[in-house]
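Report on one structure; see the data block that follows.
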Ligand SMILES: [Zn+2]
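Residue numbers (this note's numbering): 11 to 241.
Next up, the structure:
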């Protein structure tokens, strides 16, 4: 880690022989400065000083990933479910209104507890994703007059959906941690690929016909993508 005394900013310096200019990058690890291999430290520091306003603004915007499990609350299609974790004779996850009961068998050792809870919650979300997306696909495919063949639930980190030419629609269970209108957008987007296998103007026009607020949904995903985690 490098530290800039003038701005108080810390950053990771990444030098590369292929790089010709200085650049700044902000990701989940923080601030990175990309620099040509032999550029002197003074020029790099001056660059950080010059860009400090932009850097501060973007560091502030970077949303922390919430630890839903330790908060004992899980966002679910725009609602919030309260986690009720109990030791029991069996391991199971059951929803009761706005409460999500997580029963963990007494045979599960204390050191494996957190991992078991996360694993069981994820499994529950995958099951919910199957039934919820199946319903949304049925609704929109009828309206759009398309015929998807199969639904697959994935757990990608930053991808929300995909559509294969054979009619398979894949969707990310993490979308259940977002409001339902965001999940609907991804469904319409993937179904529209059954008509246009690209992101052409015609494709976006079709999406807009069945989902006029697609810009808002895209924006929401961009802003919240790091938060759609169980952790
Ligand atoms: Zn697409």
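Virtual Cβ for every residue (Gly too), placed ideally from N, Cα, C.
Handout entry: Residue environment, residue 86, which counts as buried when at least 16 other CB atoms sit within 10 Å
Key = That one is buried.
Exercise for the section: Count the C-beta pairs between the segment 122-134 and the segment 93-107 that are closer than 8 Å, then say yes if the count reaches three, no if not. Expected result: Yes, since at least three Cβ pairs between the segment 122-134 and the segment 93-107 fall closer than 8 Å, the two stretches touch.
Practice task
At 3 residues or longer, and completely inside the segment 111-170: list those beta strand (DSSP E) runs for me, N to C.
Solution key: With a minimum length of 3 residues, the continuous beta strand (DSSP E) runs that stay inside the segment 111-170 are 160-164.
Handout entry: Cα-Cα separation, residue 215 to residue 70
Key = If you draw a straight line from the Cα of residue 215 to the Cα of residue 70, it comes to about 35 Å.
Handout entry: Check: residue 234 C-beta below 7 Å from any heavy atom of ligand 1
Key = False, no ligand heavy atom lies under 7 Å from that Cβ.
Exercise for the section: Alpha carbon to alpha carbon, how far is residue 91 from residue 150? Give it in angstroms, no decimals. Expected result: Within the model, the alpha-carbon separation for residue 150 versus residue 91 is close to 27 Å.
Problem - Nearest-angstrom beta carbon gap, residue 163 and residue 128 [assumed within contact, 8 Å] - result: About 17 Å; that fails the 8 Å criterion.
Problem - For residue 157 and residue 195, the rounded distance between their alpha carbons - result: When rounded, the distance between both Cα atoms is 17 Å.
Practice task
Please confirm if the segment 106-122 is in contact with the segment 160-178, defined as three or more CB-CB distances below 8 Å between the two stretches.
Solution key: Because the criterion of three Cβ pairs below 8 Å is not met, the segment 106-122 and the segment 160-178 do not touch.
Problem - Cβ distance (whole Å) where residue 230 is taken to contact residue 198 below 8 Å - result: The Cβ separation is near 14 Å, so there is no contact.
Exercise for the section: Taking 8 Å as the threshold, find out whether the segment 12-30 comes into contact with the segment 54-63 through three or more Cβ pairs. Expected result: Judged by pairs of C-beta atoms under 8 Å, the segment 12-30 touches the segment 54-63, as three or more such pairs exist.
Problem - Separation of residue 43 from residue 29, as counted between CA atoms - result: Computed Cα separation, rounded: 12 Å.
Problem - residue 53 (DSSP reduced to helix, strand or coil) - result: Of the three classes helix, strand and coil, the one that applies to residue 53 here is helix, per DSSP.
Exercise for the section: Taking only heavy atoms of ligand 1 into account, decide whether any of them is closer than 7 Å to the Cβ of residue 68. Expected result: Outside the cutoff, so no.
Exercise for the section: Can you give me the start and stop residues for the alpha helix (DSSP H) that residue 240 sits inside? Expected result: For residue 240, no alpha helix (DSSP H) segment is defined, and its DSSP state is neither H nor E.
Handout entry: Distance, residue 166 Cα to residue 66 Cα
Key = Note on geometry: alpha-carbon atoms of residue 66 and residue 166 lie some 30 Å from one another.
Handout entry: Beta-carbon proximity list for residue 32, same chain, < 8 Å, skipping 5 on both sides
Key = 43, 44, 45, 46, 49, 53, 54 and 57.
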